[in-house]
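Visitor: The following block contains the structure, expressed as structure tokens.
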Amino acid sequence: DTEVTQTPKHLVMGMTNKKSLKCEQHMGHRAMYWYKQKAKKPPELMFVYSYEKLSINESVPSRFSPECPNSSLLNLHLHALQPEDSALYLCASSQEARSYNSPLHFGNGTRLTVT
Amino acid sequence: AQSVTQLGSHVSVSEGALVLLRCNYSSSVPPYLFWYVQYPNQGLQLLLKYTSAATLVKGINGFEAEFKKSETSFHLTKPSAHMSDAAEYFCAVSRRGGSQGNLIFGKGTKLSVKP
Numbered sequence: 001d002t003e004v005t006q007t008p009k010h011l012v013m014g015m016t017n018k019k020s021l022k023c024e025q026h027m028g029h030r031a032m033y034w035y036k037q038k039a040k041k042p043p044e045l046m047f048v049y050s051y052e053k054l055s056i057n058e059s060v061p062s063r064f065s066p067e068c069p070n071s072s073l074l075n076l077h078l079h080a081l082q083p084e085d086s087a088l089y090l091c092a093s094s095q096e097a098r099s100y101n102s103p104l105h106f107g108n109g110t111r112l113t114v115t
Numbered sequence: 116a117q118s119v120t121q122l123g124s125h126v127s128v129s130e131g132a133l134v135l136l137r138c139n140y141s142s143s144v145p146p147y148l149f150w151y152v153q154y155p156n157q158g159l160q161l162l163l164k165y166t167s168a169a170t171l172v173k174g175i176n177g178f179e180a181e182f183k184k185s186e187t188s189f190h191l192t193k194p195s196a197h198m199s200d201a202a203e204y205f206c207a208v209s210r211r212g213g214s215q216g217n218l219i220f221g222k223g224t225k226l227s228v229k230p
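Chains U and Y are the protein sequences, given in the same order.
Under our numbering, think of the first position of the first sequence as 1, with each following residue one higher.
Under our numbering, think of the first position of the second sequence as 116, with each following residue one higher.
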């Protein structure tokens, strides 16, 4: 069982829809991350939150909007997506954002299909 | 700039045989290196990490990796493969400061284990 919970597991949405991905952890971690993983590719970092503040945005298009309501929750709001945005979206957390001794704990991901 | 190259997108071994997954790195500074495993329909899990304390690093599930500066390599090995080892394996280097949240992943190696 993973300690990082992502919902929903699967999501199909049209290009005009607005939807949100949710991520939750109760390990007391202060850093949370969104990664995007296309099929047969490695994960690519999208956003990093440290102590509930956005610390890294890897030049992600504005149709992806992250939100960290509190230290346990991380959302990714989606609007006007393109079919090429279809991918596995992984959430991760770690104790601290800047420590190499702080391993990432990944959720099982949300598989998103944009039609 | 840091980068990692994984040689071989697919490796197939028989159960009980040696597992060797290759990773070479490029880094202008002493690197922090990691191996992650991804089982089907799951997120990534840290296998082991190199942070300059010891060149031979032991991880979970019987895996280990040796850091060889002269060869710029960090290959992953396991003496005897199990069916449960079938998964995708990613080598990664920390982009800056050793943070595990800002990793550059290799393209991955899919390990198949034949009975």
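Yeah, the Cβ is synthetic: ideal placement off N, Cα and C, and Gly gets one too.
As the structure is a computational prediction, the values presented were derived from the model and not from experiment.
Buried or exposed: methionine 46/U, going by 16 or more other Cβ atoms within 10 Å of its Cβ?
Guide: Methionine 46/U should be labelled buried.
Visitor: Compare the beta carbon distance of phenylalanine 178/Y and proline 42/U with 8 angstroms and say whether it is the shorter of the two.
Guide: The answer is no: Cβ separation not under 8 angstroms.
Visitor: Taking only the alpha-carbon atoms, compute the straight-line gap between alanine 116/Y and serine 143/Y and give it to the nearest angstrom.
Guide: Those two C-alpha atoms are separated by around 6 angstroms.
Visitor: Take glutamate 203/Y and list the residues in its own chain whose beta-carbon comes closer than 6 angstroms to its own, dropping the five residues that flank it on each side.
Guide: Closer than 6 angstroms at the Cβ level, and outside the excluded window around glutamate 203/Y, lie Gln153, Gly223 and Lys225.
Visitor: So, for valine 114/U: in the same chain, excluding its five sequence neighbours on each side, which residues have a beta-carbon less than 7 angstroms away from its beta-carbon?
Guide: Excluding sequence neighbours, valine 114/U sits near Met13, Met15, Leu81, Gln82, Pro83, Asp85 and Ser86.
Visitor: What residue does the beta strand (DSSP E) around glutamate 130/Y start on, and which one ends it?
Guide: Segment: none, glutamate 130/Y is in no beta strand (DSSP E) and carries neither H nor E.
Visitor: Look up serine 124/Y in the DSSP assignment and say whether it is helix, strand or coil.
Guide: Serine 124/Y falls in the coil class under three-state DSSP.
Visitor: Counting only Cβ pairs nearer than 7 angstroms, list the residues of chain U close to leucine 161/Y.
Guide: Near leucine 161/Y (Cβ distances below 7 angstroms), the residues of chain U are Pro103 and Leu104.
Visitor: Check the Cβ of leucine 74/U against every Cβ in chain Y and list those closer than 7 angstroms, keeping chain order.
Guide: Chain Y residues near leucine 74/U: none, gap ~13 angstroms exceeds 7 angstroms.
Visitor: Buried or exposed: which applies to proline 66/U, given that a residue is buried once 16 or more other Cβ atoms fall within 10 Å of its Cβ?
Guide: Classification of proline 66/U: buried, given that the 10 Å Cβ count is 16 or more.
Visitor: List the residues of chain U whose Cβ lies closer than 7 angstroms to the Cβ of glycine 174/Y, in chain order.
Guide: Correct list: empty, because the minimum Cβ distance to chain U is about 11 angstroms.
Visitor: Only counting the same chain, and skipping five residues up and downstream in sequence, which positions put a Cβ closer than 6 angstroms to that of leucine 88/U?
Guide: Once the five neighbours on either side are set aside, the close Cβ partners of leucine 88/U are Gln37, Gly109 and Arg111.
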